[in-house]
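Numbering-wise (our numbering), the sequence shown opens with residue 229 and increments by one. Below is one structure, written out as structure tokens; comments come after it.
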Amino acid sequence: MNSLLYVIAVILLIGWAIGVFFTAVGSLIHVLLVIAIIAIVLAIIRRPTTV
Numbered sequence: 229m230n231s232l233l234y235v236i237a238v239i240l241l242i243g244w245a246i247g248v249f250f251t252a253v254g255s256l257i258h259v260l261l262v263i264a265i266i267a268i269v270l271a272i273i274r275r276p277t278t279v
């Protein structure tokens with residue numbers, strides 16, 4: 229029974245670490261997505277017009 233508690237504790241610890249990692253990466257992905265959208269909009273606005 230003692231070994232089972234250690235296994236559960238390790239699984240919960242790994243799950244917590246993965247959750248923290250993906251939360252941090254998730255916010256970073258959102259920031260990078262916003263920067264990419266701003267860059268695309270600026271590229272469309274500053275595009276030279278050829279007539």
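Even glycine gets a Cβ: it sits at the ideal position worked out from N, Cα and C.
Work out the CA separation of residue j and residue i for me, nearest whole Å.
i, j, result
"T251", "I257", "10 Å"
"I239", "V253", "21 Å"
"I268", "P276", "14 Å"
"V262", "V235", "40 Å"
"I265", "R274", "14 Å"
"R231", "I246", "According to the sequence as given, residue 231 is Ser; it is not Arg. Near 23 Å, if we compare the C-alpha coordinates of I246 and S231."
"L233", "V248", "22 Å"
"W244", "I272", "42 Å"
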